[in-house]
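To start, the structure itself, in structure tokens.
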Amino acid sequence: MKIKMKSWLRKDKLPTDIFNKLGLRGLGQGKVEDGKNYKYYKRYVELWEKKDAAYQAKMDKNLDLWLTMKLLPTDVYKQLGLRGVNSNVRKHKDYPFYAKYTDMSP
Numbered sequence: 882m883k884i885k886m887k888s889w890l891r892k893d894k895l896p897t898d899i900f901n902k903l904g905l906r907g908l909g910q911g912k913v914e915d916g917k918n919y920k921y922y923k924r925y926v927e928l929w930e931k932k933d934a935a936y937q938a939k940m941d942k943n944l945d946l947w948l949t950m951k952l953l954p955t956d957v958y959k960q961l962g963l964r965g966v967n968s969n970v971r972k973h974k975d976y977p978f979y980a981k982y983t984d985m986s987p
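Read in the numbering used here, the sequence shown has 887 at position 6, and its numbers run on one by one without any break.
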């Protein structure tokens with residue numbers, strides 16, 4: 882299971898995806914914690930939060946750097962890999978950083 886969790890983290894699988902993948906979705910309220918895979922889900926959430934916090938810190942540093950460099954929003958959009966994403970761009974994991982940059986930039 883450790884290998885699967887590492888793979889899921891590398892693929893940026895959301896905890897909600899893993900909840901479903903581990904078969905916890907249909908158990909009903911109050912029975913999820915009794916599910917045989919709940920301990921794996923709980924551990925995955927802990928790993929995800931740790932990874933996400935590190936990623937957030939890294940991206941905040943990038944935002945500060947880009948603001949210092951006075952990058953255009955279009956350059957930041959490209960830096961974040963949002964070019965070519967099209968209609969699902971707002972669902973991209975880095976879109977919130979783009980939105981934050983546009984709010985912060987002069």
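Built from N, CA and C at the ideal position, the CB exists for glycine as well.
Do residue i and residue j have their C-beta atoms within less than 8 Å of each other?
i, j, result
"LEU961", "ASP975", "yes"
"TYR936", "TYR958", "no"
"MET886", "TYR919", "no"
"LEU905", "VAL913", "yes"
In whole angstroms, what separates the C-alpha of residue i from that of residue j?
i, j, result
"ASP984", "LEU890", "29 Å"
"TRP929", "TYR921", "12 Å"
"ILE884", "PRO987", "45 Å"
"LYS981", "LYS917", "40 Å"
"ALA911", "LYS892", "A quick correction: the sequence has Gly, not Ala, at residue 911. Using only the alpha carbons, I get a separation of about 30 Å."
"PRO977", "SER888", "24 Å"
"MET940", "THR897", "23 Å"
"LYS923", "LYS942", "29 Å"
"MET950", "ARG971", "25 Å"
"LEU944", "LYS894", "24 Å"
Using 10 angstroms around the beta-carbon of residue i, count the other beta-carbons present and answer buried if the total reaches 16, otherwise exposed.
i, result
"ILE899", "buried"
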